[in-house]
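Novice:
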Amino acid sequence: MASKELEKWLKDRRKRKSMELIVEHADKVLQVVDELLNMARASIGPEAQSVGKIYERQDQMEKDADFLRRRLMQEMARSELSPDMKKYFMELSREVDMVADYAHGAGRVLFFLPLSNLNPEIKNKIEQMCVKTRDCALCLRDALSAILSLENKRAVELSDKVEEYEREVDILYMEARKLLLDEKYSSLDPRMVVFLSELFEAIEETSDRCEDSVDHFRILLAELTKPR
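So the sequence shown is residues 39 to 266, counted in our numbering.
(1) By alpha-carbon positions, which one of Lys66, Glu58, Ser224 ends up nearest to Phe105?
(2) For the alpha helix (DSSP H) holding Lys66, just list the boundary residues, first then last.
(3) Taking 8 angstroms as the limit between beta carbons, can you name the residues of its chain near Arg29, skipping five residues before and five after?
(4) Could you tell me whether the segment 91 to 107 touches the segment 159 to 177, where touching means 3 or more Cβ pairs closer than 8 angstroms?
(5) DSSP three-state label for Ser224, please.
(6) Once the 5 residues before and after Pro265 are set aside, which same chain residues still bring their CB inside 6 angstroms of it?
(7) Give every residue of the same chain whose Cβ lies closer than 6 angstroms to the Cβ of Gly143, excluding the five residues on either side of it in the sequence, and list them in chain order.
(8) Quick one: is Met39 buried, meaning 16 or more other Cβ sit within 10 Å of its Cβ, or exposed?
(9) Between which two residues does the alpha helix (DSSP H) harbouring Leu48 extend?
(10) Of all the options Leu153, Leu188, Glu43, Leu130, which has the alpha carbon lying nearest to the alpha carbon of Ile257?
(11) Since Asn190 is in the alpha helix (DSSP H), which residue starts that stretch and which ends it?
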């Protein structure tokens, strides 16, 4: 059930615009994470030659996400929101943007790191990490969007889902790193091990930033629904 405070707040055109920009930003960030999953699957499978084109799309989407964040900052500067509320919006936007930054960082590694010849175990861990990270970003976007339709309960439930998926990525991350210590991988090129470790970490950090975004979102939601 929507709070009267939130419903009243969203009736203000400029205030609603701020929330709409946050959601638009999160949607573009989700697209960046989507392309990370697409790159991983292309690199793992028979379509490795398409990785470059996917990376170009991801690069443009990350730039688009940066542009949307700047638009939000400009909107904040013009708005009549309280200093605290501006701070909550800006901190949330910064964390959401970090999701795109880390996903793009993982994409940069995949751009030059061939995965097709890796053991199926490792390829499966990479794909599953990207799938669960994509789930994190999707639930984050949907949690933010739920506020616009006054679905407070759904926003909270989706925020909880982000944290659940992030924990799953953490488990996959530890399992992936442990695999590299297995004796059967002792002959793996040390350079490959270094870059795989960087890839694992960048994917895991992407999901971490989703969780951090949700933490900031909970603060904003509490403020928006606080009785006046």
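For every residue, glycine included, the Cβ atom is placed at its ideal position computed from N, Cα and C.
Specialist: Per the coordinate set shown:
(1) Per the C-alpha coordinates, the member of Lys66, Glu58, Ser224 positioned closest to Phe105 is Lys66.
(2) 51 to 82
(3) The question about residue 29 has no answer, for the chain in this structure spans 39 to 266.
(4) With a cut-off of 8 angstroms, the segment 159 to 177 and the segment 91 to 107 do not count as touching, because too few Cβ pairs lie within range.
(5) coil
(6) none
(7) Ala240
(8) Low confidence applies to Met39: its pLDDT is 44, below 50, so where it sits in the model is not reliable, and the reading given next is rough at best. When all chains shown are included, Met39 counts as exposed.
(9) 42 to 48
(10) Leu130
(11) 190 to 217
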